[in-house]
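Respectively, the protein sequence lines represent chains A and B. Here the first sequence stands for residues 0 to 94, where the numbers follow numbering that gives the first Met the number 0. Here the second sequence stands for residues 0 to 492, where the numbers follow numbering that gives the first Met the number 0. Glycine included, each C-beta is placed from N, C-alpha and C at the ideal position. Bear in mind the structure is a predicted one, so any value in this text is a computation, not a measurement.
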Amino acid sequence: MSVDIETVRRVARLARIAVSEDDAERMTGELNTILGFVEQLNEVNVEGVEPMTSVMPMAMKKRDDVVTDGNKAADIVANAPATEQNFFLVPKVVE
Amino acid sequence: MSDLTRLTIAEARGRLAAGDFTASELTDAYLAAIDAANPALNAYVVVTHDKACSMAKASDARIARGEAGPLEGIPLGIKDLFATEGVHTQACSHILDGFRPRYESTVSANLWADGAVMLGKLNMDEFAMGSSNETSHYGPVVNPWRAAGSNAELVPGGSSGGSAAAVAANLCAGATATDTGGSIRQPAAFTGTVGIKPTYGRCSRWGIVAFASSLDQAGPIARDVRDAAILLKSMASVDPKDTTSVDLAVPNYEAALGQSVRGMKVGIPKEYRMDGMPEEIEALWQTGIGWLREAGAEIVDISLPHTKYALPAYYIVAPAEASSNLARYDGVRYGLRVPGRDIVEMYENTRAAGFGREVKRRIMIGTYVLSAGYYDAYYLQAQKVRTLIKKDFEDVFHAGIDTILTPATPSAAFGVADQDMAADPVKMYLNDVFTVTVNMAGLPGIAVPAGLDGRGLPLGLQLIGRPFEEETLFRTAAVIEKAAGRFTPQTWW
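If you want it as C-alpha cells, here you go:
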C-alpha cells in the first residue's frame, strides 16, 4: 500500500500537525519508503496467532478505589503556557 | 583531580568509604571535566552545578555519620527523558520548552535515595526517536571516539547518545538511559561502554517521558559490567505507580559477577548473520564464541526464524504507540504554545513548530496505521508477528538455551550528518536490527565492548537472556569483558 499527498494531508489533520505544501510532498515520499519497508510483514503466516497484548504475562494490577492524590492544582498548572486561577487558558471554543 | 573521573563506580565507592577523598571532591572533578569537554561533545543539555554540589555535601555528611547508601557520593548523569523535580526535562524536544516537572521519576528517585549525586541532564534523540542523537533539539552529541588518523566527528549512537558519550568520556561515573528498540545497547556499542536493557517491567516507567509504552525500559550505561550491575540494582524496583512493574524482588546483580559459565548453553542464532554485514562484525562474533567456549560454555546453533520481521513490526507498533502518547503535547498543559486563529489551529501550529522531522514522521506513520480501515492490515498484523517473535525466543529457551550471543550493531559508529542515512530513514532504522527483537519480546539484553575495528573504533557484542534473568547476562558479559579488556578513547577534547 502507498499513500498519496491527499492522504498525507488527511493524516496530518488527524495528528493535528500543520504541514506546508513542501512538507506534505516530502512526507509522502518518506512515508511510502517506510510503508514499503513494513510491507514484508504480509509474507508472515499469522493464521491462528493471537495478537500480543502484554509482553510479560501478568495479571493487571489493581488498587483500592480510593483517593490517593490531589490538592495540587497549582503544581498541575505550573508548567502551562497560559493559566488563570488554576485553570488552563485556551482560545475560545464556543461562539 | 582529573584522575578521580577515571575511577569506576566500584573503585570510587571503595575509596570514598576509605576516606581517600570526599564526595564533594569527586563531584567537583566531574563538574570541571564537564565544563571543559561539553563545548566539544555536547553530551549534557543542562549541568546542575549547584544541585550536584549540595547533594555531594549531603553525601559527605552521611558518610561521616556512617549512613552511606549503596551509591553514596557517586556522580551520575540523567537522560533528559527522566522527570527530575524542578530541573529541565524536555526529552530534548522543542515542544517541552521550559518544562520543569513538579515530581521525580521513580528510577531517578531510587538513585538519589541510594546516595547518588546528579550532575545534569544528558542529550538524546528527540523523544528517544533516533539512532544517532542527531534528532535532538539541542544538536548532535559527538562521540569521544575518532577513527585512527581522522578528525571526522562520529555519532555516539542513539537515542541515549549523551549518556553513552558522557560515560565514555568520563563526564559522569554512570548514566541512566532508556531503550525502546536499542537505545541503550547501540550507543553503548558505539562508545565502548556497557549498557543493559533489563526485562520489561524491571524498572518503573513512572516519570519517564513515554515513547512506546509496551517497549520502553530504563537501564544504565556504565564503564564496565560491574558498574552496570551496581546501577541496575539501584534503578530497578517494584513500583505501584507503574502497573507494568513486576512484583519480583531485585536481586544483588553484583553477586553474579565472577561466577563460572561452565556448562551454560549459549545459543548462536543463524538469522543474525546478515547479508552485507561487515567481515569485522562476523569475526568479532566468532571471537566472542571462542571466549565463551574456552570458559566452559556449550555453544549451540539455534534458529529464531522471525528475526527479519522484528524491525518492520517495530516500525508499526512503536509509531502507533508514539502517536497516541505524543497526543498530549497540545500547547495547553505544558511547554510550547504557538497561537492560531482557533484552538485547532493552535494545536496544529504548536505541534508543527514543536516537533522535529523524525518525530513528525513517526506520529504520521502511527496515525496512519491506526486510522480507520488500516488498523487490521498494519497494527493487528504487527502485533501477531510480535507474538511469533516472542515465541521464537520461548522455544529456544524451552530447549535449554541460557543466553543468546549476537553482534550488538551491524557496524561501528558512523559520521555525523551521514548522507546515506539522511536520505533514507530506513537505513537509519537498520542500526537496531540486532537489538529490536529483544524489545519486541520484552527480554533483557546487554551490550558489552568486545574489540576495536580496523579503524580503531569500538564494537560490541550482545547477550540476550530469559525474562528476569539479568544475572545470567552480567555473569556472561563479565567473561567477555575479562577476555576482551576495556576500551577507552584518547582524549582530544
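Item, Value
"At what residue ranges does the region 403-468 of chain B contain a whole run of the alpha helix (DSSP H), taking only runs of 4 or more?", "418-422, 424-428, 435-440"
"Measuring alpha carbon to alpha carbon, tell me which residue in B:Lys389, B:Ala476, B:Thr4, B:Val193 is nearest Gln258 of chain B.", "B:Ala476"
"Assuming Gly194 of chain B is part of the beta strand (DSSP E), what are its boundary residues?", "193-196"
"Evaluate Phe86 of chain A with the Cβ neighbour count: other Cβ atoms within 10 Å of its Cβ, from every protein chain shown; 16 or more gives buried, anything less gives exposed.", "exposed"
"Using DSSP with H/G/I as helix, E/B as strand and the rest coil, what is Met0 of chain B?", "Because Met0 of chain B carries a pLDDT of 44, less than 50, the predicted location of this residue cannot be relied on, and no value is offered for it."
"Determine the DSSP secondary structure at Lys120 of chain B, reduced to helix, strand or coil.", "strand"
"Mark Gly484 of chain B as exposed unless 16 or more other C-beta atoms lie within 10 angstroms of its C-beta, in which case mark it buried.", "exposed"
"Anyone know if the C-beta pair for Pro139 of chain B and Asn41 of chain B falls short of 8 angstroms?", "yes"
"Taking C-beta to C-beta, are Gly353 of chain B and Ser92 of chain B nearer than 8 angstroms?", "yes"
"Enumerate, from N- to C-terminal direction, the unbroken alpha helix (DSSP H) stretches of 4 or more residues contained entirely within the region 289-346 of chain B.", "309-324"
"Could you check whether Gly464 of chain B and Val447 of chain B sit closer than 8 angstroms to each other, using their CB atoms as the reference points?", "no"
"Straight-line CA distance for Met0 of chain B to Leu6 of chain B?", "At Met0 of chain B the pLDDT is 44, less than 50, meaning the model places this residue with poor confidence and gives no usable figure here."
"Using a cut-off of 8 angstroms between C-beta atoms, extract the partners of Leu379 of chain B located in chain A.", "Pro50"
"Would you kindly check if the distance between the Cβ of Trp284 of chain B and the Cβ of Ala482 of chain B is under 8 angstroms?", "no"
"Which of helix, strand or coil does DSSP assign to Pro268 of chain B?", "strand"
"If contacts are defined as beta-carbon pairs under 8 angstroms, then Ala163 of chain B and Gly156 of chain B qualify, I think. What distance do you get, rounded to the angstrom?", "6 angstroms"
"Counting only Cβ pairs nearer than 7 angstroms, list the residues of chain A close to Val384 of chain B.", "Leu40, Val43, Val45"
"Spatial neighbours of Glu297 of chain B within its chain, please: C-beta separation below 6 angstroms, excluding the five flanking residues on both sides.", "Lys264"
"From Tyr271 of chain B to Ser149 of chain B, what distance separates their C-alpha atoms?", "31 angstroms"
"Please classify His136 of chain B: is it buried, with 16 or more other beta-carbons within 10 angstroms of its beta-carbon, or exposed?", "buried"
"Quick check on the burial criterion: 16 or more other C-beta atoms within 10 angstroms. Buried or exposed for Gly35 of chain A?", "exposed"
"Who are the neighbours of Phe396 of chain B on chain A, taking C-beta pairs under 9 angstroms?", "Chain A residues near Phe396 of chain B: none, gap ~14 angstroms exceeds 9 angstroms."
"Which whole-angstrom value describes the C-beta separation of Pro100 of chain B and Thr88 of chain B, a residue pair presumed to lie in contact below a C-beta threshold of 8 angstroms?", "5 angstroms"
"Please look up how many angstroms separate the CB atoms of Leu472 of chain B and Thr402 of chain B, rounded, as I've assumed it's under 8 angstroms.", "7 angstroms"
"With Leu121 of chain B and Gly161 of chain B assumed to form a contact (beta carbons below 8 angstroms), what rounded beta-carbon distance in angstroms separates them?", "3 angstroms"
"Under 7 angstroms Cβ-Cβ, which residues of chain A neighbour Glu347 of chain B?", "Arg15, Ile16, Ala17"
"For His397 of chain B, does the count of other Cβ atoms within 10 angstroms reach 16, so buried, or fall short, so exposed?", "exposed"
"Which two residues bound the contiguous beta strand (DSSP E) that contains Lys71 of chain A?", "Element bounds for Lys71 of chain A: n/a, residue is neither H nor E."
"So, Thr175 of chain B versus Lys78 of chain B, is the Cβ gap smaller than 8 angstroms?", "yes"
"Quickly, what does DSSP pair Pro155 of chain B with across the bridge? List them, please.", "Paired residue(s): none; Pro155 of chain B is not in a bridge."
"What did DSSP end up calling Lys389 of chain B once you bin it into helix, strand or coil?", "helix"
"Check each residue of the region 193-215 of chain B: if its Cβ is closer than 9 angstroms to any Cβ of chain A, include it; give the result in chain order.", "Thr198, Tyr199, Gly200, Ser213, Leu214"
"What are the boundary residues of the beta strand (DSSP E) that includes Thr490 of chain B?", "No beta strand (DSSP E) contains Thr490 of chain B, which DSSP labels as neither H nor E."
"For the candidate residues B:Thr134, B:Arg222, B:His305, B:Gly200, whose alpha-carbon lies nearest to that of Leu442 of chain B?", "B:Gly200"
"Given a cut-off of 8 angstroms, decide if Ile388 of chain B and Ala321 of chain B are closer than it, judged by their beta-carbon atoms.", "no"
"What are the residues that DSSP puts in a beta bridge with Ala221 of chain B?", "B:Gly173, B:Val193"
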